[in-house]
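Undergrad: These protein sequence lines are chains A and B, in that order.
Using the working numbering, you'd call the opening residue of the first sequence number 1 and step up by one each time.
Using the working numbering, you'd call the opening residue of the second sequence number 98 and step up by one each time.
Glycine residues also receive a C-beta, built at the ideal position from the N, C-alpha and C atoms.
The structure presented is a predicted model; accordingly, all values stated were derived computationally and were not measured.
First the structure, which I've put down as structure tokens, then a few questions once you've had a look.
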Amino acid sequence: MAAGFDIVNPIARVSSADAALASPPKRIGQVEGLRIGLLDNGMPHAADFLTHLGAAFERRYRTPILMRRKGFTARGAEPQIIDEMASCDAVVTGFGV
Amino acid sequence: MVGQGFEKAARSYAKAYKLAQPRLLLLDDTLAHQGGEALAAMAAASIERVIAEWAGKGAAPREGTPSAGGDWTAHLRIEGDLLDANRVLLERGLTDGLPVIPPLPGLVERFVAASGRDGGEVIARLMPLMGDITVERIAANAVMAGCRPDVMPVLVTVVQAMAAEEYRINHVITTAHTLFPLVVVGGPIAREIGMSDGRDLSAEGWRPNATIARAVRLIMYNCMSLPGVHGATCQGHFGKIADALAENLEQSPWPPIHVEMGYRASDNVVTVMSVEPPQMVDDTSALSAQGVLANFGAQMATSGNRPVFGPTQHMLIFGPAHANKVAQGGFDRKLIRRFIYEVYRIPVHQFPPESRERWSAWKKTLYATNTMEHATMPVVEDIDDILIMVHGGAGPNSFFAPGINNHRSVTRKIE
């Protein structure tokens, strides 16, 4: 075979790759008074960790906490839960924990 | 918050969702097996890092962010020979580590033609990559896997099946769980493309099985996941490549599995199911159907595996000897399910108390009281979730292939 040849790219092209990425989220300068959402993804002990995290935020910064658990670990959260999280100023959720 | 080993996958999801700058709290461990004070300490230590991420002052990525495909080209230029092509594809994370046949344009064109479809037809866009899985991309990966062109209709249908929501491909791609797709090909096409039904031990006889399985895995790597992001499997397993089977209908006492699902025997059908590494059911002594089934039941009725915590399907792959012994005892598929569901149940007291939080809600309602410690629960939540097929040759062996909770098998007709 001659030196140098083309092969078909086996990678699927992301046709929307050129689409603009979402604007970076606003940076949060002050934590006091923030409404914090905690989304339990259902993985082992995620709820316990987030509960402790929420308690730590409440103690130190007097932040109201909204905690919810989605129905299935391997599926996106239910729309009403997403809406509730979106109403918060900042959210923590789990991935692969 | 991202568990250890999941950073690349998390960033690939962020790209798929068009998040400009994902704010990631990278944990040095997973939360599994942590409890009480350890979790409280982890949380307390994490709070300032969370605030730093929200302020845009988080730590730099520990792992490189995979390309989202903005520099994608339809062809890759290889300088050198076929060995160089293998080296380049391996270095880019586009193979399973085994040698591949480079997808030369002429070869790919033959495979596209064999599909009966246009090369540019988009079959699916699947998480986390959300790339265009075209017939041409499927063909390129099929060439790499060493397939023959006539398996293209099977591969296209597998991708269609994986697009079903209940298959949960996004979880299959990124999970630490050792899962792989079990592909069952039913109908005349299985014989037409030369698939083994488990008896033929020649390389030629198994080529379609092996290469279909391999192509499915390569398509998952290259068309559904970001290059180099192949999941975070806790324990690698070579069987994770995939598995492609056809039923041994000549020696099966029951109708084809796809007929039980409502298809005609003459329909060409693909079933894809995510399974854990199968466990062999090795019985040489049972003289009754119940004796054979006892071995299946005993392997399934365990509290030590995650699938039992939620709605799960299991696949029982009967060798012909076991299948016929069971059928001679008066068992059809329905009665096999009833026998295992009723007789082989898991004692509630075997579950450690701390694992019971993972039970389905109804299981907690039913069993999570002290008065239920002597109760037993069935191995599946729905009796019809025990799937049964016949595959293999002579010998007293079968397989139990456990599914995974909250995932469903998907069956599609080959069009």
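(1) At which residues does the beta strand (DSSP E) containing residue 508 of chain B begin and terminate?
(2) Between which two residues does the alpha helix (DSSP H) holding residue 255 of chain B run?
(3) In terms of DSSP beta bridges, what is residue 485 of chain B paired with?
(4) Among all the DSSP beta bridges, which residues are the ones paired with residue 370 of chain B?
(5) Whose Cβ in chain A lies nearer than 9 Å to the Cβ of residue 100 of chain B?
(6) Could you tell me which chain A residues have their CB closer than 9 Å to the CB of residue 230 of chain B, listed as they occur along the chain?
(7) Taking 8 Å as the threshold (C-beta atoms), are residue 256 of chain B and residue 230 of chain B in contact?
(8) Quick one: list the residues of chain B neighbouring residue 15 of chain A, beta-carbon separation under 7 Å, in chain order.
(9) Quick check on this structure: which residue in B:500, B:502, B:488 has the alpha carbon closest to the alpha carbon of residue 283 of chain B?
(10) Below 8 Å between beta carbons: does that hold for residue 386 of chain B and residue 426 of chain B?
(11) Using a Cβ-Cβ cutoff of less than 8 Å, which residues in the same chain neighbour residue 91 of chain A once the five nearest sequence positions on both sides are dropped?
(12) Where DSSP assigns a beta bridge to residue 376 of chain B, which residues make up the other side?
(13) If I follow the unbroken alpha helix (DSSP H) through residue 28 of chain A, where does it start and stop?
(14) Just the C-alpha distance for residue 184 of chain B and residue 436 of chain B, rounded to the nearest angstrom, thanks.
(15) For residue 340 of chain B, count neighbouring C-beta atoms within 10 Å of its own C-beta (all shown protein chains included) and say buried if the count is 16 or more, exposed if not.
(16) For the candidate residues B:412, B:214, B:430, B:370, whose alpha-carbon lies nearest to that of residue 280 of chain B?
(17) Starting from residue 51 of chain A, trace the alpha helix (DSSP H) in both directions and tell me its first and last residue.
(18) Say whether chain A places a C-beta atom closer than 8 Å to the C-beta of residue 177 of chain B.
(19) With 9 Å as the limit, tell me which residues of the segment 44 to 64 of chain A have their beta carbon closer than that to any beta carbon of chain B; keep them in chain order.
(20) Within the chosen definition, does the segment 418 to 425 of chain B reach the segment 438 to 452 of chain B through at least 3 CB pairs nearer than 8 Å?
(21) To the nearest whole angstrom, what separates the beta carbons of residue 109 of chain B and residue 323 of chain B, a pair I think is in contact under 8 Å?
(22) Which residues of chain A have a Cβ atom closer than 7 Å to the Cβ of residue 152 of chain B, listed in chain order?
(23) Counting pairs of Cβ atoms below 8 Å between the segment 461 to 469 of chain B and the segment 372 to 381 of chain B, do you hit three or more?
(24) Pull up the distance between the alpha-carbon of residue 197 of chain B and that of residue 3 of chain A, whole angstroms please.
(25) Compare the beta carbon distance of residue 312 of chain B and residue 242 of chain B with 8 Å and say whether it is the shorter of the two.
(26) Relative to the C-alpha of residue 319 of chain B, which candidate in B:224, B:401, B:359 has its C-alpha closest?
(27) What residues match up with residue 403 of chain B in a beta bridge as DSSP calls it?
(28) Residues of chain A with CB closer than 9 Å to the CB of residue 131 of chain B, please, in chain order.
(29) Please classify residue 83 of chain A: does DSSP put it in a helix, a strand, or coil?
(30) Identify whether residue 224 of chain B lies in helix, strand or coil by the three-state DSSP scheme.
(31) Short of 6 Å in beta carbon distance, which residues of its chain neighbour residue 265 of chain B, apart from the five on each side in sequence? Order them along the chain.
(32) Starting from the Cα of residue 403 of chain B, find the closest Cα among B:457, B:228, B:174, B:111 and give me that residue.
(33) Which first and last residues belong to the beta strand (DSSP E) in which residue 433 of chain B is found?
(34) Secondary structure at residue 163 of chain B, three-state DSSP: helix, strand or coil?
(35) Label residue 288 of chain B either buried or exposed according to how many other C-beta atoms from any shown protein chain fall within 10 Å of its C-beta, with 16 as the threshold for buried.
(36) Alpha carbon to alpha carbon, how far is residue 500 of chain B from residue 267 of chain B?
TA: Checking against the coordinates, here is how it stands:
(1) 507 to 510
(2) 249 to 259
(3) B:413
(4) B:279
(5) 43, 94, 95, 96, 97
(6) 12
(7) yes
(8) 229
(9) B:488
(10) yes
(11) 36, 37, 38, 39, 85
(12) B:497
(13) Taken as a continuous stretch (DSSP letters only), residue 28 of chain A belongs to no alpha helix (DSSP H), as it is neither H nor E.
(14) 52 Å
(15) buried
(16) B:370
(17) 46 to 61
(18) yes
(19) 44, 45, 46, 47, 48, 49, 50, 51, 52, 53, 54, 55, 56, 57, 60, 61
(20) no
(21) 4 Å
(22) 27, 28, 29
(23) no
(24) 18 Å
(25) yes
(26) B:224
(27) Its beta-bridge partners do not exist; DSSP assigns none.
(28) 44, 45, 48, 49
(29) helix
(30) coil
(31) 504
(32) B:457
(33) Element bounds for residue 433 of chain B: not the beta strand (DSSP E) but the alpha helix (DSSP H), 430 to 440.
(34) Unreliable placement is indicated for residue 163 of chain B, whose pLDDT of 49 sits below 50; the coordinate value is still reported in the next sentence. Looking at residue 163 of chain B - three-state DSSP - the assignment turns out to be coil, as it is neither helix nor strand.
(35) exposed
(36) 16 Å
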